[in-house]
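Working notes for the structure below.
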Amino acid sequence: MRPVRIHDSLTGDLLPLEPREGNKVGIYACGPTVYGRIHVGNARPFVVFGILRRFLEAAGYDPKLVSNLTDVNDKIYAAANAAGVGSSQLAEEMGSLYKADTDALGIGRPDAEPLATGHIDEIITLIADLIEGGHAYEAEGDVYFSVRSHPAYGELSHRDVDQMDQGEGVEGASLKRDSLDFALWKATKEGEDTSWDSPWGPGRPGWHIECSAMAEAELGVDFEIHGGGSDLVFPHHENEQAQTAAARGKPLARIWMHNGMVRFGEEKMAKSVGNVLLLHSAIEDHGRDAVLIWLLGGHYRQPLSCTDERFAEAKARIQRIREVARRIEPGASPEGLAHYRERFMDSLADDFNTPAALAELFGWVRDANRDGGTIGGDDLQAMLEVLALENLLEEPTGDGPDSAALDLLTERETARQAKDWAEADRIRDELLSMGWTVRDGDNGPELVPAQ
RNA sequence: GGCGACGUGGCCGAGUGGCUGAGGCAAAGGACUGCAAAUCCUUCCACAUGGGUUCGAUUCCCAUCGUCGCCUCCA
33 MRPVRIHDSL
43 TGDLLPLEPR
53 EGNKVGIYAC
63 GPTVYGRIHV
73 GNARPFVVFG
83 ILRRFLEAAG
93 YDPKLVSNLT
103 DVNDKIYAAA
113 NAAGVGSSQL
123 AEEMGSLYKA
133 DTDALGIGRP
143 DAEPLATGHI
153 DEIITLIADL
163 IEGGHAYEAE
173 GDVYFSVRSH
183 PAYGELSHRD
193 VDQMDQGEGV
203 EGASLKRDSL
213 DFALWKATKE
223 GEDTSWDSPW
233 GPGRPGWHIE
243 CSAMAEAELG
253 VDFEIHGGGS
263 DLVFPHHENE
273 QAQTAAARGK
283 PLARIWMHNG
293 MVRFGEEKMA
303 KSVGNVLLLH
313 SAIEDHGRDA
323 VLIWLLGGHY
333 RQPLSCTDER
343 FAEAKARIQR
353 IREVARRIEP
363 GASPEGLAHY
373 RERFMDSLAD
383 DFNTPAALAE
393 LFGWVRDANR
403 DGGTIGGDDL
413 QAMLEVLALE
423 NLLEEPTGDG
433 PDSAALDLLT
443 ERETARQAKD
453 WAEADRIRDE
463 LLSMGWTVRD
473 GDNGPELVPA
483 Q
């Protein structure tokens, strides 16, 4: 196993990845609430943790990536009511679209994708344990977590409980004993068409407790990496951490890993702001390769801008890899290039530095081009596989040149031999209008799809 | 207001207490080519501002300015 360090939001330090058992690494990455189609900002954690999983595998670990779907909460009720459909029906539809949209990224699926509604029993048990331990209380069918019963509260998001805004909303008398408390279980209210029986009456789980319960069910507690967007640090992850620590006496996870936000213009991309680029649109417009390399082109903790310029650049980078792929043959790569592959892995092992890893990959490409001729592709293949871009080495899909194009190419060669440059160039233009660029190499002319 | 992050060459984006300066995109020049394309080489050589620590700071500390995130649902 290659030593790996990852930045931990709780301590603020780079922490070594230390599996509880053998080489097993449990990763829980918060997935979406399924009430609409996801945008490229939502896709970032899917890609970050999906590629992290691939890297850990290549580094000798045995990762298990768990990414939940929140399929019951206020947003879903609101969206379903607005659309005039049942909330569970909407959640199911959007869950399917989420899977289709992320499938199109082509990086594989998480090892487990639990549904909140599939873990109601575990959630109820966890809440009951919290009540029994004095960390939660029931109030008219709701159950709340008692923040002040857990002194460590605030440790993850580095907030002082006593400095937290005490201003309570004015809408009605709260059932909370303390305004800091948050809901674990919510009694069924008007307009909610799904509910589950519980010791506290019919209702449904709060958002934060879902993740604590599902993570524990899939990975146990004190697992290796808990991830998600940086906007989840507070209150979502703070609450998860508090719930599990209070109920189990152990931290939920060893490393808290948070990705930065995707920005659209100068703002965070968010449905609530309305400045979103939907993932499926981005893939349709720019191709999954470009979307992927764009997402990997910045360090996961930094904000990432979403603009046409960035996608154009991403496409150019993809094209550069496609070009070198023409000269790749299966088999071992030259010894002299091995250090790029090694440093590629080192970069990822050092807080998952994908831009630095890409720099090594492109260093390999440059050197490979410099040598000329064909070159063994093992190194490049290995690096691209980690990034889920190994498809770039494959023959381009789609039809090759048809016989008309090949005939023109032959005609052009004849003209060239006769030094009839005007005719040769005319044919080249004609081929271009048919979608083919002519390249005259040492081994004769070649037709490649025009860009 | 509180907490946190960031400000690097035309653009994007890593990184490091000194031997100066990843990688990509773009541009210009050169090589190759009949001319191109692709590729290679070269050039354009930066670290927000002001202090401080240091033999030495872009890298550490403080302040200022600017930007962003969280503090409410949020990937």
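First residue of the first sequence? That's 33 in the working numbering, and the numbers climb one at a time after it. For glycine and all other residues, C-beta sits at the position ideal for the given N, C-alpha and C. What you are looking at is a predicted structure, and each value in this text was computed from that prediction instead of being measured.
Would DSSP call residue i helix, strand or coil?
| i | result |
| --- | --- |
| histidine 240 | helix |
| arginine 37 | strand |
| serine 189 | coil |
| glutamate 299 | strand |
| phenylalanine 384 | coil |
| serine 206 | coil |
| threonine 442 | helix |
| histidine 331 | coil |
| alanine 450 | coil |
| serine 337 | strand |
| arginine 52 | coil |
| leucine 323 | A small correction: the amino acid at residue 323 is valine; leucine does not occupy that position in the sequence shown. It is helical. |
| leucine 22 | The structure shown does not extend to residue 22, since the chain is modelled only from 33 through 483, so no value can be given for it. |
| leucine 310 | strand |
Mind checking residue i: buried by the 16 CB within 10 Å criterion, or exposed?
| i | result |
| --- | --- |
| lysine 218 | buried |
| glycine 261 | buried |
| histidine 290 | buried |
| histidine 190 | exposed |
| arginine 85 | buried |
| glutamate 367 | exposed |
| proline 387 | exposed |
| arginine 471 | exposed |
| glycine 201 | The predicted model places glycine 201 with a pLDDT of 47, which falls under 50 and marks its position as unreliable, so this point remains unresolved. |
| asparagine 74 | buried |
| phenylalanine 273 | Rather than phenylalanine, the amino acid found at residue 273 in this sequence is glutamine. Buried: at least 16 other Cβ atoms inside 10 Å. |
| arginine 398 | exposed |
| glycine 199 | Because glycine 199 sits at a pLDDT of 49, beneath the cut-off of 50, its placement in the model cannot be relied upon, and the following sentence gives the value as read from the coordinates. Result: exposed. |
| asparagine 321 | Note that residue 321 is aspartate in the sequence shown, not asparagine. Aspartate 321 comes out buried. |
| tryptophan 288 | buried |
| leucine 440 | buried |
How many Å lie between residue i and residue j at the Cα?
| i | j | result |
| --- | --- | --- |
| phenylalanine 182 | leucine 188 | Reading off the sequence shown, one finds histidine at residue 182, where the question assumed phenylalanine. Rounded to whole angstroms, histidine 182 to leucine 188 spans 13 Å at the Cα level. |
| isoleucine 459 | glutamine 483 | 18 Å |
| leucine 162 | valine 253 | 15 Å |
| lysine 107 | aspartate 40 | 30 Å |
| alanine 357 | glycine 395 | 14 Å |
| aspartate 225 | glutamate 242 | 19 Å |
| glutamate 50 | phenylalanine 255 | 10 Å |
| aspartate 210 | lysine 221 | 22 Å |
| aspartate 317 | valine 72 | 13 Å |
| isoleucine 155 | alanine 112 | 24 Å |
| glutamine 334 | glutamate 298 | 14 Å |
| proline 77 | aspartate 174 | 32 Å |
| glutamate 455 | glutamine 449 | 11 Å |
| glutamate 203 | lysine 96 | Bear in mind that a pLDDT of 45 at glutamate 203, under 50, signals an unreliable position, so the model cannot answer this. |
| alanine 400 | glutamate 445 | 29 Å |
| cysteine 338 | leucine 311 | 12 Å |
| arginine 3 | tyrosine 372 | Since the first residue shown for the chain is 33 and the last is 483, residue 3 is missing from the structure and cannot be characterised. |
| alanine 314 | proline 146 | 27 Å |
| asparagine 307 | arginine 141 | 27 Å |
| glycine 259 | arginine 402 | 40 Å |
| lysine 303 | alanine 114 | 16 Å |
| glutamate 427 | arginine 354 | 9 Å |
| glycine 329 | tyrosine 176 | 42 Å |
| isoleucine 325 | glutamine 413 | 16 Å |
| glycine 150 | tyrosine 60 | 17 Å |
| alanine 148 | glycine 430 | 42 Å |
| threonine 469 | alanine 364 | 30 Å |
| glycine 319 | leucine 42 | 36 Å |
| alanine 245 | proline 283 | 13 Å |
| glutamate 125 | alanine 110 | 15 Å |
Going by DSSP, which residues form a beta bridge with residue i?
| i | result |
| --- | --- |
| arginine 471 | Glu478 |
| lysine 218 | Arg236 |
| arginine 57 | Sequence inspection shows valine at residue 57; the arginine mentioned does not correspond to that position. DSSP lists Pro95 as partners of valine 57. |
| threonine 226 | Per DSSP, none; premise fails for threonine 226. |
| isoleucine 353 | Note: isoleucine 353 sits in no beta bridge, so no partner. |
| histidine 290 | Gly260 |
| leucine 46 | His39 |
Handout entry: Length at least 3, wholly inside the stretch 241-283: the beta strand (DSSP E) runs in chain order
Key = 255-261
Problem - Minimum length 4: unbroken alpha helix (DSSP H) runs contained in the stretch 356-439 - result: 370-381, 386-403 and 410-418
Practice task
Scan the stretch 138-187 and note each continuous alpha helix (DSSP H) run of 4 residues or more that stays entirely inside, going in chain order.
Solution key: 152-164
Handout entry: Sequence ranges, beta strand (DSSP E) only - wholly within the stretch 68-141, length at least 3
Key = 94-99
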